[in-house]
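So the structure is just underneath, and the comments pick up after that.
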Amino acid sequence: MVENRNYISQLFASATTRRHRFGVVLKGDGKWQQSWIQQAAEQIAPQHVFQLGGQAPDYVSKSVGFAKGHQLLGQECRLLVCDFDNGFDANSFSAAIGCVVGGGLVLILPKKSQPTSLGDCWLQRALEQLLIIEQDKPLPVLSDSQASLAEPFVQQQQAVELVRKVVEGHRKRPLVITADRGRGKSSALGIAAAELINRRKIHIVLTAPSMATVQPVFEHALRLLDDAKQTQGRIVCGDSVLEFVSPDEVLRRRPQCDCLFVDEASAIPIPMLKRMVEHYHRTVFSTTVHGYEGCGRGFTLKFQTWLSANRPGYHHYHLDQPIRWNNQDPLEEWHFSTFLLDAELNELASAAVGGELKLLDKQRLFEQPDLLRSCFALLVNAHYQTSPNDLMLLLNDDAIHVYARFENQVCLGCMLAVEEGGLSDELIADIQHGKRRPKGHLVATTLANQLGLADAAKMRSLRIMRIAVHPQHQRSGVGQTMLEQLIEKGQYDFYSTSFGATSDLVSFWQRCGFQSVRLGSSREQASGTHSLIMVHGASALVQQTRDYFRQYIQFSLPSLFQDIEIDLVRKLVAQDDAFVELPDVPALIRHYCHGGASYDSIAPVLDSLWKRAPELVSLFSDLVLRKVVQGYTWQQCVDEFALTGKKQAEQQFRHDLNTKLLASQPLVD
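In this note's numbering, the protein residues as written are 359 to 1027.
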């Protein structure tokens, strides 16, 4: 007992001296584990003991279920107990350990049962890399290595100063702040906002994928503001305001402000970010480039390349100094290695592109972690949403397959795909009556439930969940070739995909022969985009979905989708089988263009015309598209295109029709 207590004291002392965090695995029976945990808890203040999963004893100040670790975000502790016996959620665990400060311990109670899946085996192997303490066995020797202590707030203070310069310096010089989790990125935004508010009258708009994302920004701002009043998503201090506005609202309403802060920018589609830069001349973007939130490295490559060309005065600042713990933290290094969040892209030796698409065996991936790391590096680089749970799901779910192409042992391209369909008549009936929604069959259930296509749910299909190509070969046809090779194998009745719709992504999948099926009616919170399902394969199915989608999108654009981006509208209404020869334009529209008739008279004619021949939309100006296709009011047109009023808006509308549509079309009486 005394030996344990002394050992725990040494553990805390070593962690505190280095300002590091240690992971400790306790292997033994429940009574022994609880005794060990209690002795550790007795050595620190009670409010600093948290627990994730399991039944928490009275001395634990905060306890959440094994999948609820995100509820601990923004809080701090010195001792975190993680009980894996009733379940393990990698994202939840990743969030929870971020609460542990330097000088703290994470005590892990592993599953008592033997591993039953590759994911369990992967985790068990990783836990062996931590400090293992076993019941009735000698205590392991502690390392006496030292670590130089870094000043945690130097980089954060520099970031605050750079944010202030965006507001007080020259216009059109955006700032991009990138940081790993725990580097004080969000708090830097809050501190900078408070300093600006204390210095001057200012209105700052803060946007992010969700209000919960930016709660730390508000908390740090409030801490430094006297007499500030806070309401939901808004701080008012004197004549100054810091307020949250969702990304789609920012672009729709374009609220007036002195500066726009965009937090977790990699979770917002790049076309939306570009529009923000074009409209707001003082902008600060911040994003996480590692960690459980996902990775923004693809964002930094693509968005910053665009900024370099369009805002050459922009500045990039990277925070790598942790705030809550010291550099080279052993727990962080173990966490990143275990869940492949530190997977780095390898350089390709040559520009040549070759190799066949291969289905990778899961057991081989487990036995050769470097092979999996090479694939995962591409996924983490390309998709901000790639998370620790994705790794565990890939290892655990037999329905999920990994396909890859290699060039001299370096992963050139990678795909994650999941098998769907093959459902019974009874299950399909329950799906169509809204009684059941089987997990893992996203497209099959949508086609059966929302489109009434029962046969689609009976077919065997493959949904492409993620596709990523090495940055050295992006936009060179590698992704398209991978999909062609996958489909050539002909193992499934049809293929599908679902993603947050942007113009570029829709173009890519259309080039690969995929047809739009269903556009989600609301924007996803994480990406600010509408989810789009597309399919490729069985001709009868594709024809049915094409006919349905044409009706669906044409009917919904003036209502459900009135605010989606113009370039996306053009992609969605385009039809591969549209009229080769576009229909004649009635003379009534020509009369209107020269000042005759009224808009109300020609509106039904224009509406009928573009719906019969969707390719006509390519001849519509942005103003005509918004008015005719998306049903904007004249006032909405005035606001979006910065016109003086309805009269000028209609003049411009007549002019656009005349110069774009009529100039290329024959007229008939």
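Ideal placement from N, C-alpha and C gives every residue a C-beta, glycine not left out.
Model, not experiment: these values are computed from the prediction.
Take the alpha-carbon of Gln588 and the one of Met750: they are about 40 Å apart.
Taken through DSSP and simplified to helix, strand or coil, His428 comes out as helix. Apart from sequence neighbours up to five positions away, the residues of its chain that approach Leu488 with a beta-carbon distance below 6 Å are Gly381, Val383, ordered along the chain.
In the DSSP assignment, Ser732 falls within the unbroken alpha helix (DSSP H) covering 727-740. When beta bridges are read from the DSSP output, Ile681 appears opposite no residue. Listed as beta-bridge partners of Phe852 by DSSP are Ser819, Gly895. Per DSSP, the unbroken alpha helix (DSSP H) holding Leu805 starts and ends at 800-808. According to the DSSP assignment, Ala762 belongs to the beta strand (DSSP E) that extends over 758-765. In the displayed model, Ile626 falls within coil according to three-state DSSP, outside both helix and strand. The continuous stretches of beta strand (DSSP E) do not include Gly837, which lies in the alpha helix (DSSP H) extending over residues 836-846.
Of Leu1020, Lys385, Gln1006, the smallest CA-CA separation from Leu967 is found for Leu1020.
In the three-state DSSP reduction, Glu434 falls in the coil class, being neither helix nor strand. Around the beta carbon of Val499, fewer than 16 other beta carbons sit within 10 angstroms, so the residue counts as exposed. The closest CA to that of Pro944, considering only Ser393, Ser959, Arg633, is found on Ser959. A Cβ-Cβ contact shorter than 8 Å links Asn754 with Leu476. When beta bridges are read from the DSSP output, Thr565 appears opposite Val620.
By the 16-neighbour rule on beta-carbons within 10 angstroms, Gly388 is exposed. Within the region 943-992, complete alpha helix (DSSP H) segments of at least 4 residues are found at 945-951, 957-970, given in chain order. Rounded to the nearest whole angstrom, the CA to CA distance from Pro404 to Ser393 is 16 Å. Below 8 Å, enough C-beta pairs join the region 760-775 and the region 713-724 to call them touching: three or more.
If the five residues before and after Gln401 are omitted, its C-beta is found closer than 7 Å to the C-beta atoms of Ile366, Ser367, Phe370, all from its own chain and listed in chain order.
The alpha-carbon separation between Lys1005 and Ile947 amounts to approximately 18 Å. Nearest neighbour of Asp788 by Cα position, chosen from Ala806, Glu778, Gly871, Val864, turns out to be Ala806.
For Ser598, no alpha helix (DSSP H) encloses it; the enclosing beta strand (DSSP E) starts and ends at 598-602.
A check of alpha carbon separations from Cys457 across Val635, Phe408, Ala566, His578 identifies Phe408 as the nearest. Bounds of the beta strand (DSSP E) holding Ala537 are 533-537.
Beta-bridge pairing by DSSP links Cys440 to Leu410, Ile466. CA-to-CA, the gap between Ile911 and Ser879 works out to about 11 Å. Counted as a single uninterrupted DSSP element, the alpha helix (DSSP H) harbouring Gln392 occupies residues 388-399. Shown here for Gly423: same chain residues with a beta carbon closer than 7 Å to its own, the five before and five after excluded, namely Gly411 in chain order. The region 525-535 makes no contact with the region 684-704: fewer than 3 CB pairs, one atom from each, lie closer than 8 Å.
Shown here, Gly871 sits in coil according to DSSP, grouped into three states, outside any helix or strand. In the structure shown, His831 adopts helical secondary structure according to DSSP, grouped into three states. Residue pairing by DSSP places Tyr675 opposite Ile535 in a beta bridge. Judged by pairs of C-beta atoms under 8 Å, the region 689-697 does not touch the region 506-520, as fewer than three such pairs exist. Less than 8 Å divides the Cβ of Ile535 from the Cβ of Tyr675.
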